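All remarks here apply to the structure that follows.
Residue numbers (this note's numbering): 15 to 168.
This is the structure:
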């Protein structure tokens, strides 16, 4: 849609504007100690072994387990995230999965800390009511457009 066509669309069909969205109370800088996934030992040697499915090497002579220089790195507690930014989304909110409107009411006082995410098994009809109630309560919904079709498609 070009800018000229966008102005002709009635306001009722426009998506929720992000200008009046609630902002997080604090937005700390998220620092990841490691962004690459840990590779599974010998996953480069065998096609059937997926490199992203980490398993701890248990062999008595394993170079990776013994942490030899130049081998794959193993996950350890030192790679953990900062306690203040753990589970924080890039926009500064924590995720809270919502199944119905009554669960949305729990976020009334915490709308600057938590953002609602509608569960995958919620129907389109209930999603619509959850999104409308979230707008009234000024709660951010991360997946507000999921499973919602415009009236033109029906």
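Heads up, the beta-carbon is just placed ideally off N, CA and C, and yes, glycines get one too. Here the structure is a predicted model, which means the values were calculated and not measured.
Helix, strand or coil for residue 13, going by three-state DSSP, please let me know.
Outside the displayed span of the chain (15 to 168) sits residue 13, for which this structure offers no information.
Nearest-angstrom beta carbon gap, residue 147 and residue 162 [assumed within contact, 8 Å]:
Contact flag wrong, Cβ pair sits at about 14 Å.
When we look at the beta-carbon of residue 108 and count the other beta-carbons within 10 Å, is it buried (16 or more) or exposed?
exposed
Decide if the segment 77-94 is in contact with the segment 44-54; the criterion is three or more beta carbon pairs, one per stretch, under 8 Å apart.
yes
The beta strand (DSSP E) enclosing residue 131, as first and last residue numbers:
128-132
With distances taken from CA atoms, which of 40, 58, 111, 68 is nearest residue 99?
40
What do you get for residue 55, buried or exposed, if any count of 16 or more other CB atoms within 10 angstroms of its CB means buried?
buried
Grab the span of the beta strand (DSSP E) containing residue 118 for me, first residue to last.
Looking at the DSSP string, residue 118 is not in any beta strand (DSSP E); the run it does join, the alpha helix (DSSP H), is 115-118.
Between the C-alpha atoms of residue 126 and residue 136, what's the straight-line distance to the nearest angstrom?
24 Å
Going by the CB atoms, is the gap between residue 115 and residue 132 shorter than 8 Å?
no
Once DSSP output is grouped into helix, strand and coil, what is the label at residue 122?
coil
Own chain, CB closer than 7 Å to residue 42, minus 5 neighbours either side, in chain order:
98, 99
Say yes only if the C-beta of residue 73 is nearer than 7 Å to one or more non-hydrogen atoms of the ligand ZN, and no if none qualify.
The model on display carries no ligand, and the ligand ZN is accordingly not part of it.
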